[in-house]
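Here the sequence shown stands for residues 4 to 523, where the numbers follow my numbering. We put the CB at the ideal spot given by N, CA and C, even for glycine.
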Amino acid sequence: MLNPNLSDEFNGTELDNSKWLDHHPTWRGREPGIFLPSQVSVADGFLQIRGEKLKEEIVVRRGRGHKDVYTIAGGAVVSKNSGHFGYYECRCKAAATTMSTTFWFSGGGGIGPNGCDSYGQEWDIQECVGRRGDFDGKYFASGMHSNGHYWYTDCDGEKHDHRADQVTFEDPGLASAAFHVYGGWWKDATEASYYYDNGPAKHQTFYNKISDTPFDKPMRMNLVSETHPFPWIELPTDEELADPVKSVAVYDWVRGYSLVDFDASYAAEPNPNMATNGGFETGDLDQWKGRGGSRSVVSSPEHVHDGKYAVRLHGAALLSRLVLLKPETDYDYSCYAKVTPGSTFTCVLKSDDTFTAKVTEQQYERKSFRFRTPKSGNIRIEVSSSGEDHEGYFDNFVIRESNPDILEQPPIVDAFQERIEFGGEVIFDDRDNALAVPIIYAANQDRQVRLTLRHGDSVVSQTTIEANAGLANGIVKFVVQEDFSDSGRYALHASLMADGNSDATIGEAVQQITLPTANQ
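This is the structure in structure tokens:
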């Protein structure tokens, strides 16, 4: 179903600042191209990012005599919200220059599997330029190019770019000649699939020689037009940067989808806990890293504050995680903690400021802070002790936005041609007198699916299920209450209903089936 926080049709007159930044919070751009908010606009139903020659160069000094010199203006649009596993797509047309037009995700990471190392994630669904030339990277001017980078810093401080095998789709036409749809399905922490113009998928396994779950953390969406490394791709010319048409990367829409059960009741939490697995209810330390001492999930009721699980730390242990939040936004943090007699632990939250609370009580007590996120949106939460025999228990880590923008009603987006069909053969299970009905449907808003079993002109049985908006492929269990007639030939009708107040339908599919009679 549609994730409205990571979807936009760009039908307004300005960038929706509840969803997007008009700059990159931690990156100025690749020299000689600098990201400037002035290059980002929304008009005529499109997000537009223009490359342009600067009238005067911009010099940024970085200390120790180093400086960056920028002569070209590009642009970056970055989501305020992060996304996790799901399907993401955009429809765009590249600028007809060697400035890039990109659709990618980055962020997350944190402490690595060895405790002294660290990692970051970058998932590139599409990277391209808009024209060819006499340079090695000219193949980037057409088709689709998808990468997964596991940015790794080992325990010696050496940095590595571990890449998955690149996935490519070939196309003789330039990426700037027409709009194309670029899709990526982030299946789980180990693999992704890619789609070019809604065609057959190609698959990718992320680099997994350091971690079994290399892409396990949420990331932010990036829509960026930048200069590429020279001379692999040459710099854009002054003439093409001066052209108000050629120099513009155009995005028609971006859409994010979450995978949910299509017949399940679903309502998005208006202000979710951003510390996923903050109560350790997965039964493990998923999303958490640590070093020193020992760390384990426990289920003994005397040590659990709420739910089924809590975490136990023993010795000089550290438990830590990086959380990706909206930049420059107020949040509330809390957790519950207790220690054994003589033990002391420290709860720490690191943002632009560092918040610290000591844990000394033998009964669970609540620790809380209100804080503001930095420009990067990255914050770190930690609990630790320096005592070799110290023991502590922690539960219910919660991070919520202090003053959230509540989306009362998700937008209706005409993403699909609405339809319904059978995904295969209907199977009868005589143990509970039920049909296993494979259903595929596409719906642009929440609707209903009605299943009707007919024998001739008579309705034998009927059921209606709620159908979430989106593209669905699943099996519905249809329990038939009535006995079957002596004739075993039936027609099963699957209808996608227009609304819940009438019999009007968006579409219908019919499958002839043979069922056992009551006498068999």
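Look at residue i and residue j and say whether their C-beta atoms are less than 8 Å apart.
| i | j | result |
| --- | --- | --- |
| Arg375 | Glu331 | yes |
| Tyr493 | Arg434 | no |
| Gly473 | Tyr210 | no |
| Ser179 | Arg53 | no |
| Ser346 | Gly390 | yes |
| Ser463 | Leu454 | Correcting the residue type first, residue 463 is Val in the shown sequence and not Ser. No, these two residues do not count as a Cβ contact at 8 Å. |
| Gly380 | Pro116 | no |
| Asp219 | Ala195 | no |
| Gly151 | Trp126 | yes |
Here's the rule I'm using: 16 or more other beta-carbon atoms within 10 Å means buried, otherwise exposed. How should residue i be labelled?
| i | result |
| --- | --- |
| Cys338 | buried |
| Glu305 | exposed |
| Gln515 | exposed |
| Val248 | exposed |
| Val253 | buried |
| Val366 | It should be noted that the sequence gives Gln, not Val, for residue 366. Burial call: exposed. |
| Cys158 | exposed |
| Gly78 | buried |
| Ala313 | buried |
| Gln1 | Residue 1 falls outside the range modelled here, since the chain spans only 4 to 523, and no answer is possible. |
| Tyr91 | buried |
| Pro278 | The identity of residue 278 in the sequence shown is Ala, whereas the question assumes Pro. Per the 10 Å Cβ criterion, buried. |
| Asn471 | buried |
| Gly86 | buried |
| Ile430 | exposed |
| Pro217 | buried |
| Pro344 | exposed |
| Asn522 | Any reading at Asn522 is ruled out, since the residue's pLDDT is 46, under 50, leaving its predicted position unreliable. |
By DSSP, does residue i sit in helix, in strand, or in coil?
| i | result |
| --- | --- |
| Glu305 | helix |
| Gln42 | helix |
| Ala144 | helix |
| Glu12 | coil |
| Asp241 | helix |
| Asp449 | coil |
| Pro234 | coil |
| Pro441 | strand |
| Ala175 | Rather than Ala, the amino acid found at residue 175 in this sequence is Pro. It is a strand residue. |
| Gln515 | strand |
| Asp127 | strand |
| Pro139 | Note on residue identity: the sequence assigns Asp, not Pro, to residue 139. Helix, per DSSP. |
Quick one, which of the options has its alpha-carbon nearest residue i's?
| i | options | result |
| --- | --- | --- |
| Ala320 | Thr455, Gly293, Pro344 and Phe218 | Gly293 |
| Arg64 | Glu34, Ser196, Ala144 and Gln51 | Glu34 |
| Lys22 | Glu59, Met224 and Ala418 | Met224 |
| Asn84 | Trp189, Met147, Pro407 and Ala512 | Pro407 |
| Ser297 | Asp432, Thr285 and Leu316 | Leu316 |
| Ala445 | Ala501, Met147 and Lys353 | Ala501 |
| Gly510 | Asn471, Gly66, Ile468 and Arg422 | Arg422 |
| Lys212 | His165, Val401 and Leu39 | His165 |
| His111 | Phe419, Phe400 and Arg383 | In the sequence on display, residue 111 carries Gly and not His. Ranking the options by Cα distance to Gly111, first place goes to Arg383. |
| Ile409 | His393, Ile402, Pro275 and Val132 | Pro275 |
| His148 | Pro414, Asp137, Met222 and Lys205 | Lys205 |
| Thr74 | Ser10, Phe108 and Phe38 | Phe38 |
| Leu438 | Phe425, Arg135 and Ser323 | Phe425 |
| Ile2 | Ile114, Ala507, Gly113 and Ala167 | The structure shown does not extend to residue 2, since the chain is modelled only from 4 through 523, so no value can be given for it. |
| Leu322 | Thr466, Glu242, Asp287 and Glu130 | Asp287 |
| Gln207 | Leu9, Thr104, Thr171 and Met222 | Thr171 |
Is residue i close to chain B? Criterion is C-beta to C-beta, closer than 8 Å.
| i | result |
| --- | --- |
| Thr193 | The displayed structure is made up of one protein chain only, and chain B is not part of it. |
- Message: For the region 40-51 against the region 184-193, do three or more pairs of beta-carbon atoms, one drawn from each stretch, fall closer than 8 Å, so that the two count as touching?
- Response: no
- Query: Taking contact to mean at least 3 C-beta pairs separated by less than 8 Å, is the region 194-201 in contact with the region 232-241?
  - Reply: no
- With a cut-off of 8 Å, do at least 3 Cβ pairs link the region 116-123 to the region 89-103? no
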